Amino acid sequence: MTDAAKAEIKDVTENVLLSWGILWEKDGEIVPTNAYALLTGKNTMQQNIQCAIFKGNDRAYFVDRREFNGPIQEQMEAAYQYVLEKINRGMKIDGIYRQDVYELPIDSIRELIANAVAHRSYLDPGNIQVALYDNRLEITSPGMLMNGVTIEKMKEGYSKIRNRAIANAFSYMKIIEKWGSGIPRIIRECQEYGIPEPELIDFDGDFRINMYRQPSLIQAGIIGTNSGTNSDTIGTNSDTIGTIIGIKVTSPEERVLTIMKQNARVTQKELQKELGVSLRTVKRMIAELQDKGYIVRRGNNRSGEWIVKG
6 MTDAAKAEIK DVTENVLLSW GILWEKDGEI VPTNAYALLT GKNTMQQNIQ
56 CAIFKGNDRA YFVDRREFNG PIQEQMEAAY QYVLEKINRG MKIDGIYRQD
106 VYELPIDSIR ELIANAVAHR SYLDPGNIQV ALYDNRLEIT SPGMLMNGVT
156 IEKMKEGYSK IRNRAIANAF SYMKIIEKWG SGIPRIIREC QEYGIPEPEL
206 IDFDGDFRIN MYRQPSLIQA GIIGTNSGTN SDTIGTNSDT IGTIIGIKVT
256 SPEERVLTIM KQNARVTQKE LQKELGVSLR TVKRMIAELQ DKGYIVRRGN
306 NRSGEWIVKG
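Residues 6 to 315 in the numbering used here are what the sequence shown spells out, letter by letter.
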């Protein structure tokens with residue numbers, strides 16, 4: 006979540022927080038709910054997000070692991086950034102443009118982790134687990150599907166809100182939508198990306214989604230992960246994704262800063278084309294970089310330019 010989003014939350018009135026269920030009134034006093042504790046990092050149950058990289062397609066050997074705690078929205082963002090650092094990324098040359106290409110659609114990754122945080126069961130003391138294997142990204146959240154919700158219905162956009170107060174806050178922060186459009190959109194993005202449809206599994210009191218990595222993209226040269234799960238490769242596949250060169254993984258934000266240093270008048274649409282992400286992702290990264298003080302905008306939107314500090 007950006008600093009601007011945090012500031013907006015601070016400005017929300019007490020009445021709004023009451024209507025969301027983040028605060029409630031008891032015996033004439035306003036008291037915080039469990040949702041308040043989760044959003045402020047004051048949850049005594051310490052329900053965290055565990056991330057791990059495994060060698061192979063099972064949990065026999067792990068390569069790296071991290072655990073994130075604190076406010077749940079910050080856990081979500083940290084887990085998302087961790088996955089971006091570990092998945093394979095390459096570079097597509099399209100005319101004069103150089104475009105970063107991730108092996109998985111990063112908007113869908115972010116939305117899957119956000120959904121896991123927003124819709125998990127907080128009555129269960131377990132942690133959300135985000136695991137990267139050689140063949141898939143696996144996200145597991147505590148809590149079975151709610152009554153009346155099925156895998157088939159979810160694919161059609163049907164959903165029920167388990168944690169209404171958290172969903173209200175996440176919707177306000179533009180982390181998730183409350184209208185059940187997430188899963189159909191993720192399926193569509195995977196189809197457009199050329200990877201298999203995500204696998205949705207309801208089992209043993211947990212809910213799991215598998216997003217499968219595409220071997221053809223890896224063989225084509227989208228390599229450079231520091232997770233140690235694949236060997237470095239350089240190759241091309243002009244029929245599917247153009248000329249791709251394996252490069253070392255760096256954060257998307259660092260790439261934005263590099264581009265802005267090279268071209269202070271770069272537009273959001275040019276950044277979208279260069280990075281190979283959605284315009285929504287570009288706007289979010291710019292907002293985060295501005296909030297952190299790394300960039301400032303001088304001039305208007307049409308003729309202004311970006312100033313990269315440091």
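Don't be surprised by glycine CBs; every beta carbon is placed ideally from N, CA and C. Remember, predicted model here, so these are calculated numbers, not experimental data.
From the DSSP output, in three-state form, read off residue i for me.
i              : result
arginine 260   : helix
glycine 95     : strand
isoleucine 250 : The predicted position of isoleucine 250 is uncertain, since its pLDDT is 31 and thus under 50; a value taken from the coordinates is nonetheless stated next. Three-state result, isoleucine 250: strand.
leucine 109    : coil
asparagine 20  : helix
tryptophan 25  : helix
glutamine 277  : helix
valine 313     : strand
valine 88      : helix
alanine 269    : coil
glycine 229    : Unreliable positioning characterises glycine 229 in this predicted model, as indicated by a pLDDT of 44, which lies under 50. The coordinate reading is nonetheless provided below. Glycine 229 falls in the coil class under three-state DSSP.
aspartate 237  : Any answer about aspartate 237 is weak, because its pLDDT of 33 lies below 50 and its placement is not dependable; what the coordinates show is given next. Coil.
glutamine 55   : strand
What are the boundary residues of the beta strand (DSSP E) that residue i is part of?
i              : result
proline 37     : 34–37
lysine 47      : It is not in any beta strand (DSSP E) - lysine 47 carries neither H nor E in the DSSP assignment.
asparagine 215 : 211–217
arginine 70    : 66–73
arginine 303   : 300–303
aspartate 207  : 204–208
Please report the Cβ distance between residue i and residue j, rounded to the nearest whole angstrom; I am assuming they are in contact, meaning their Cβ atoms lie under 8 Å.
i                : j              : result
glycine 148      : serine 126     : 3 Å
glutamate 200    : tyrosine 217   : With the sequence shown as reference, residue 200 is identified as isoleucine, and glutamate is not the correct amino acid for it. Sure, about 6 Å apart at Cβ, within 8 Å.
isoleucine 191   : leucine 137    : 17 Å between Cβ atoms; not a contact.
aspartate 139    : asparagine 215 : That belief does not hold up - the Cβ atoms of aspartate 139 and asparagine 215 are roughly 13 Å apart, past 8 Å.
leucine 142      : proline 257    : In fact, because the Cβ distance is near 17 Å, the residues do not count as touching under 8 Å.
serine 212       : leucine 150    : Note on identity: in this sequence residue 212 is phenylalanine, with serine being the wrong assignment. 6 Å between Cβ atoms; contact.
threonine 162    : serine 186     : The question names threonine, yet the displayed sequence has glycine at residue 162. Their Cβ separation, rounded to whole angstroms, is 6 Å, which keeps glycine 162 and serine 186 in contact under 8 Å.
glycine 298      : lysine 314     : 7 Å
valine 135       : alanine 84     : 5 Å
phenylalanine 67 : isoleucine 54  : Contact doesn't hold; Cβ gap of about 16 Å is too wide.
leucine 284      : valine 261     : The pair is not a contact, with the Cβ atoms about 13 Å apart (cut-off 8 Å).
glutamate 182    : proline 110    : 17 Å between Cβ atoms; not a contact.
glutamine 196    : glutamate 204  : No, glutamine 196 and glutamate 204 are not in contact; Cβ-Cβ is about 14 Å, not under 8 Å.
Quick check on the DSSP output: the alpha helix (DSSP H) that includes residue i runs from which residue to which?
i              : result
asparagine 290 : Checking the displayed sequence, the identity of residue 290 turns out to be methionine instead of asparagine. It spans 284–296 - the alpha helix (DSSP H) in which methionine 290 sits, taken as one unbroken run.
Using beta carbons (cut-off 8 Å, strictly below), is residue i in contact with chain B?
i          : result
valine 261 : Absent from the structure is chain B; it holds one protein chain and no more.
> Mind pulling the beta strand (DSSP E) runs of 3 or more residues that sit fully within the stretch 113–201?
Replying inline: 133–137 and 141–147
> Between the stretch 35–42 and the stretch 164–171, do at least 3 Cβ pairs fall closer than 8 Å?
Replying inline: yes
> Do three or more CB pairs link the stretch 103–115 to the stretch 25–40 at distances below 8 Å?
Replying inline: no
> Within the chosen definition, does the stretch 63–81 reach the stretch 147–164 through at least 3 CB pairs nearer than 8 Å?
Replying inline: no
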